[in-house]
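Number 144 in the numbering used here belongs to position 81 of the sequence shown; there are no gaps in the numbering. Think of the CB as a built atom: it goes at the ideal place given N, C-alpha and C, for glycine as much as any other residue. Note sheet for the following structure.
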Amino acid sequence: MSPIVCVEIGRFDYPVAGQFKFLKPGPDGKVYRPTVLLRLTDADGHAGWGQAVPVPTWTYETVETVETTLERYLAPVLIGTDPSDIDAVHTRINEAVKPAFSTGQPLCKAAVDLACYDLTGRRENRSVAERLGGAARDTLTLSWTVASSEMDVVEEQLAEGRNRGYRNYNIKVGPPQTPEYDLELTRRVRAFAPDGFLWADANTGYDVDTALRMASRLRDAGADVLESPIPPNRLSGYRALKRQGALPILMDEGIVSHVETKEFIRLGMIDGIAMKPARCGGIRESEKIVRLLRQEGLMVLGSGLTDPDMALSAALHVYTWAGITHPCALNGPQFLADRLAGDLLVPEADRISLPSGPGLGVALDSRAERTLRVVAQA
């Protein structure tokens with residue numbers, strides 16, 4: 064097959080609409096969601112796009128580390144690689160940047176993975192979902208994110224979600240909010256949407272003792288699942304929470320490959336995972352993780368990192384292939400005030416459709432190309 068002959072990267076920051084505690088104002092007081100775009104071109108002129116979505120309040124990776132790692136370490140080893148041999152691609156980039164506990168810089172490597180799947184799909188005229196084995200559904204239901212330490216803002220967020228046609232909600236609990244606030248938040252959202260799916264996410268903010276106290280109280284207040292209650296390296300804490308059985312315990316931040324996923328399952332730590340292709344190095348690892356969870360009869364929920372455009376499309380391909388029926392916490396369309404893909408990835412009420420074109424099925428407007436610079440070339 065035709066090898067990669069050119070690697071280009073560019074930064075594109077999306078303006079943010081509304082209040083979201085994980086996206087902080089910059090020096091100018093404005094809030095943006097930073098991303099790094101990647102384009103790979105093969106010897107026959109086919110091109111594929113990827114996107115990394117770092118946010119240091121969620122991960123140790125920053126937009127600056129993604130840019131320098133792509134330019135200095137990953138781009139050179141991609142030249143001459145066949146993008147359709149995705150295992151060989153990952154071997155090369157994982158040799159270039161070694162793991163710590165698990166995959167090193169997985170958000171950065173996700174951009175490479177997405178671009179390879181996109182390029183290969185375009186030259187084979189197949190979508191990513193088709194390459195995975197075919198989509199089990201062509202639309203997903205989305206949940207609306209409620210995330211504020213001010214109850215007046217919470218009421219505004221709930222009303223906006225309902226006005227836009229959403230029926231299910233995911234809430235952010237944990238510091239800087241108090242446990243009492245978290246319980247009141249859960250009760251309010253459950254009363255607002257008594258028949259909806261209510262997903263509580265602590266983003267690793269609780270300590271073990273607090274999580275053990277809060278799990279049953281959150282259940283009684285109306286939560287259906289609890290995501291990332293404690294940091295992922297609190298292995299015995301996760302085992303205690305799963306044994307307690309107050310709520311299904313999902314992990315997120317600690318899942319960046321199928322290897323630790325298998326170990327966490329063997330240790331009896333989790334009831335399922337809140338999937339994020341952007342966090343676990345892309346589509347290849349996501350496929351392996353989903354297959355493992357299905358084999359073990361564990362929950363697979365779809366989530367994201369306020370994903371735009373290419374990252375959002377990748378999640379849609381994985382989740383529709385996986386046949387996820389629970390509402391997905393993909394809040395890019397909720398919080399991002401700009402798009403490079405036009406109206407392609409805009410939900411209708413709380414339903415979003417899988418792009419139907421080859422690869423990731425997304426065409427970016429001219430602003431994307433204007434960001435690019437060549438960082439490696441045959």
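The beta-carbon distance between THR204 and PRO390, rounded to whole angstroms, is 5 angstroms. This is short enough to meet the 8 angstroms contact definition. Rounded to whole angstroms, the Cβ separation of ALA377 and ILE346 is 6 angstroms, and the two are in contact under 8 angstroms.
Beta-bridge analysis with DSSP links LYS305 to no other residue.
Closest by C-alpha distance to LYS84, out of VAL216, GLY424, VAL191, LEU246, is VAL216.
For PRO97, the enclosing beta strand (DSSP E) stretches over residues 95-105. As summarised for the region 348-394, the continuous beta strand (DSSP E) elements at least 3 residues long and confined to that stretch are 362-365, given in chain order. The three-state reading of DSSP puts PHE327 in helix, counting H, G and I together. LEU310 and ARG186 have their C-alpha atoms some 45 angstroms from each other. The C-alpha of LEU417 is placed about 13 angstroms away from the C-alpha of ALA385. Taking the C-beta atoms as reference points, LEU393 is found no nearer than 8 angstroms to GLY424. Look at the region 142-186 and you find these whole runs of alpha helix (DSSP H), each 4 residues long or longer: 149-159. For VAL118, no alpha helix (DSSP H) encloses it, and the DSSP letter there is neither H nor E. With a 10 Å radius around the Cβ and a threshold of 16 neighbouring Cβ atoms, THR267 comes out buried. Distance between ASP272 and ALA278, taken at the CA atoms: about 10 angstroms.
Its chain contains THR383, GLY386 as the residues whose beta carbon lies nearer than 7 angstroms to that of ARG200, once the 5 sequence neighbours on both sides are disregarded; these appear in chain order. Here the region 303-319 makes no contact with the region 129-147; the two share fewer than three CB pairs at distances below 8 angstroms.
Going by beta carbons, TYR95 and VAL116 fall outside the 8 angstroms limit. Less than 8 angstroms separates the beta-carbon of CYS171 from that of GLU124.
PHE85 carries a coil assignment under DSSP once its states are collapsed to helix, strand and coil.
Proximity to ASP287 across ALA263, GLN307, ALA303, ASP401 peaks at ALA263, based on C-alpha coordinates. Residue range 271-284 is occupied by the alpha helix (DSSP H) that includes SER279. Nearest in C-alpha terms to LEU355, of all of MET373, GLY92, ILE336, ALA341, is ILE336. Residue burial is scored here from C-beta neighbours: LYS339 has at least 16 other C-beta atoms within 10 angstroms and is therefore classed as buried. In this structure, the straight-line span from the alpha carbon of TYR229 to that of PHE260 is close to 11 angstroms.
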